[in-house]
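A.B. asks: Sharing a structure with you now.
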Amino acid sequence: MKSVIVLVLSMAFFATAADAQKIFSTRNGKISFSAPKDEDVKAVNNEVVSRIADNGQITFSMVIKSFRFKFAEMQEHFNDQYLESSKFPRADFKGNIVNLSDVNFSKDGVYKVTVKGDLTMHGVTKNLTVPGTITISGGKPSVEAQFTALMKDFNVSASSVTDRVTVDIACQYQ
Numbered sequence: 006m007k008s009v010i011v012l013v014l015s016m017a018f019f020a021t022a023a024d025a026q027k028i029f030s031t032r033n034g035k036i037s038f039s040a041p042k043d044e045d046v047k048a049v050n051n052e053v054v055s056r057i058a059d060n061g062q063i064t065f066s067m068v069i070k071s072f073r074f075k076f077a078e079m080q081e082h083f084n085d086q087y088l089e090s091s092k093f094p095r096a097d098f099k100g101n102i103v104n105l106s107d108v109n110f111s112k113d114g115v116y117k118v119t120v121k122g123d124l125t126m127h128g129v130t131k132n133l134t135v136p137g138t139i140t141i142s143g144g145k146p147s148v149e150a151q152f153t154a155l156m157k158d159f160n161v162s163a164s165s166v167t168d169r170v171t172v173d174i175a176c177q178y179q
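The opening residue of the sequence shown carries number 6 in our numbering; numbering runs sequentially from there.
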């Protein structure tokens with residue numbers, strides 16, 4: 006009887022382990038943005054926390070004040086006047102890979118993906134669909150993507166410099 010119980014528990018454990026998702030994460034992902042109208046308006050955040058799971062779920066979370074600009078004055082205006090980072094300290098994205106069947110997390114390669122999810126920034130949540138690339142190398146994924154964000158979509162007052170930014174994402178996961 007003992008051996009039957011051990012066998013059943015072992016089978017249940019291995020069945021659960023076989024179905025378990027694999028989650029990759031990073032605490033130093035990179036998200037940058039630039040204004041197409043002014044080459045000086047650029048910022049980078051190298052402290053993005055991100056997770057990607059082999060079931061297609063992907064998340065990004067960042068502290069707004071972690072964006073770094075070329076000029077301190079730009080950083081101050083960005084935090085105080087535009088994104089109001091004291092009031093809205095974070096930006097978060099939670100989504101899923103739409104074409105997950107095209108990605109093999111167990112095989113090195115380059116996979117074109119489409120991610121659909123919700124971006125919350127400046128107190129506003131907006132649904133986005135973003136094309137990107139997942140590269141699997143040595144069993145570990147990296148992600149690259151680019152999209153354009155309109156400031157008005159997130160209730161951010163457009164400056165005289167720009168009403169939109171190009172956002173670049175680059176994350177390497179462990």
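Where is the CB? At the ideal position from N, CA and C, for every residue including glycine.
Determine the closest residue to Thr-31 out of Gly-128, Ser-39, Val-129, Met-67, with distance taken between C-alpha atoms.
C.D. replies: Met-67
A.B. asks: Using 9 Å as the threshold, is the C-beta distance between Gln-86 and Ala-58 below it?
C.D. replies: no
A.B. asks: Let me know the secondary structure DSSP gives Leu-155 once reduced to three states.
C.D. replies: Correct three-state label for Leu-155: strand.
A.B. asks: My output table needs one value for Glu-78: the three-state DSSP class, helix, strand or coil.
C.D. replies: helix
A.B. asks: Cβ of Val-108 within 9 Å of Cβ of Val-118?
C.D. replies: yes
A.B. asks: Does Tyr-116 come out as helix, strand or coil in the three-state DSSP assignment?
C.D. replies: strand
A.B. asks: Measuring alpha carbon to alpha carbon, tell me which residue in Glu-149, Gly-122, Leu-133 is nearest Lys-35.
C.D. replies: Glu-149
A.B. asks: In angstroms, rounded to a whole number, what distance separates the CA positions of Asn-84 and Val-115?
C.D. replies: Going by the C-alpha atoms only, they are around 36 Å apart.
A.B. asks: Quick check on the burial criterion: 16 or more other C-beta atoms within 10 angstroms. Buried or exposed for Ile-28?
C.D. replies: So Ile-28 counts as exposed.
A.B. asks: For Asn-33 and Ser-90, I'd like the C-alpha separation in whole angstroms.
C.D. replies: About 20 Å.
A.B. asks: Taking the Cβ atom as the reference point for each residue, do Lys-97 and Leu-133 lie within a distance shorter than 9 Å?
C.D. replies: The sequence given here has Asp at residue 97, not Lys. Not in contact: Asp-97 and Leu-133 (Cβ atoms no closer than 9 Å).
A.B. asks: Return the bridge partner residues of Ala-25 from the DSSP annotation.
C.D. replies: The partner list for Ala-25 (beta bridge, DSSP) is empty, contrary to what the question assumes.
A.B. asks: Rounded to whole angstroms, what is the Cα-Cα separation between Thr-64 and Arg-56?
C.D. replies: Answer to the nearest angstrom: the Cα atoms are 5 Å apart.
A.B. asks: Smallest Cα separation from Gln-177: which of Gly-143, Ala-154, Val-103?
C.D. replies: Gly-143
A.B. asks: So, helix, strand or coil for Lys-145, using DSSP?
C.D. replies: strand
A.B. asks: For Gln-179, tell me which candidate among Asn-160, Ile-141, Ser-71 has the shortest Cα-Cα distance.
C.D. replies: Ile-141
A.B. asks: Using a Cβ-Cβ cut-off of 6 Å (strictly less than) and excluding sequence neighbours within five positions of Ala-20, which residues of its own chain qualify?
C.D. replies: At Ala-20 the pLDDT is 46, less than 50, meaning the model places this residue with poor confidence; the figure from the coordinates comes in the next sentence. The answer is none, since no qualifying residue turns up.
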